[in-house]
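Q: Dropping a structure here in structure tokens format, bear with me for questions.
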Amino acid sequence: MSVTTIVVGTDVKRGMGSARRVHGALTAGVERRALVWMAERAPIWVTSDGLTALGLSAQVGAGVFFAMARWGRWALVGVMVCVAMNWLGDSLDGTLARVRRQERPRYGFYVDHMVDVFGAVTLMGGLALSGLVHGGVAAAMLVGFLVLASESYLATHTLGRFEMSQGWFGPTEIRLLLIAGTAAAMRSPLATVFGHRWLLWDVGGEVGAAGMFAMALWVTARHTAELYRQETVR
């Protein structure tokens, strides 16, 4: 399958110019067409701010349902529904603003990403309370996300481009993995690895956290080298 890289306008304004949005994830092309199709047909009462609020509420809801899973795995159905609703709100809000020519670049960038940070804290907090994963693993996943997010925001300011994905993975791919892991935990919260029984989310979380930290190191090294080349004094 080919990887589609999408460069969308110059809608993230910076003090020193404007930053391009670059999205090279596996689902990027299909997702963009679907979002534009929905934005063009959205009723007038649907607003970008309302969609942002939906995305945050859904992520908070996913955290609450994760916490409730301690008393019954039926709550994981709510997690999956909330993750899907989070995709709708978080992905469609910016597209709707662009389709309607109602962009507020700095406001949108700031609010969207602070919402992502608070939503991630709530989601991982709920997961830590669920009994499906040890608290340290949930904390490692949260820290990995925050490190990657910080690097992305700094790169947006210094390099003039907002990279929405790393390699083939972007927010939608992460949500799909989250839904898959949640569905698997509904069948059994345990996994057998090398003959030993482990919590499924411990295994997935450790792999995910290690992947995020490795990705953050690689991207930091790449961007550092790029900035060094651009600003080397000759």
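For the sequence shown, the working numbering assigns the number 12 to the initial residue and increments by one for each residue that follows. Quick reminder that beta carbons are idealized off the backbone N, C-alpha and C, glycines included.
Going by beta-carbon coordinates alone, are G136 and G74 separated by less than 8 Å?
A: Closer than 8 Å, so yes.
Q: Assign P200 to buried or exposed, taking buried as 16 or more other Cβ atoms, counted over all protein chains shown, within 10 Å of its Cβ.
A: With 16 or more other Cβ atoms within 10 Å, it is buried.
Q: Starting from F173, follow the beta strand (DSSP E) in both directions and report where the run begins and ends.
A: Residues 172-174.
Q: Have a look at G256 and H234 and give me their C-alpha separation to the nearest angstrom.
A: Residue 256 lies beyond the residue range present for the chain, which begins at 12 and ends at 245; the question has no answer from this structure.
Q: Would DSSP call V204 helix, strand or coil?
A: Reduced to three states, the DSSP call for V204 is strand.
Q: Quick check on R186: does DSSP put it in helix, strand or coil?
A: Three-state result, R186: helix.
Q: Give me the residue from V230, T38, Y121, E217 with the minimum Cα distance to H145.
A: When each option's Cα is compared against that of H145, the closest is E217.
Q: Just to confirm the assignment, what range does the alpha helix (DSSP H) spanning H124 have?
A: Here the alpha helix (DSSP H) through H124 covers 116-140.
Q: Name the two residues that bound the continuous alpha helix (DSSP H) containing T106.
A: T106 -> alpha helix (DSSP H) spans 86-110.
Q: Taking the alpha-carbon positions, what's the T63 to E184 distance?
A: Their backbone Cα atoms lie some 19 Å apart in a straight line.
Q: For S13 and W82, I'd like the C-alpha separation in whole angstroms.
A: Confidence in S13 is poor, its pLDDT being 42 and thus under 50, which makes the residue's placement too unreliable to answer from.
Q: Tell me the DSSP secondary structure of A80 in three-state form.
A: Coil.
Q: Inspect the CB distances between the segment 95-115 and the segment 151-166 and report whether three or more fall short of 8 Å.
A: With the cut-off at 8 Å, the segment 95-115 and the segment 151-166 do not touch.
Q: Look at the Cβ atom of Q66, then the Cβ atom of G100, and state whether they are nearer than 8 Å.
A: Note that residue 66 is Gly in the sequence shown, not Gln. In this structure, G100 lies closer than 8 Å to G66 by Cβ.
Q: Identify, in the order they occur along the chain, each residue of the same chain with its Cβ nearer than 8 Å to the Cβ of A150, setting aside the five sequence neighbours on each side.
A: So the qualifying residues of the chain are M135, A139.
Q: Hey, A4 and M79 are a contact pair by Cβ (cut 8 Å); roughly how many whole angstroms apart?
A: The first residue shown for the chain is 12 and the last is 245, placing residue 4 beyond what the model contains.
Q: Do M223 and H34 have their C-beta atoms within less than 8 Å of each other?
A: Their beta carbons are not under 8 Å apart, which means M223 does not touch H34 by this criterion.
Q: Look at the Cβ atom of A39, then the Cβ atom of T167, and state whether they are nearer than 8 Å.
A: No; because the gap between Cβ atoms is not below 8 Å, this pair is not in contact.
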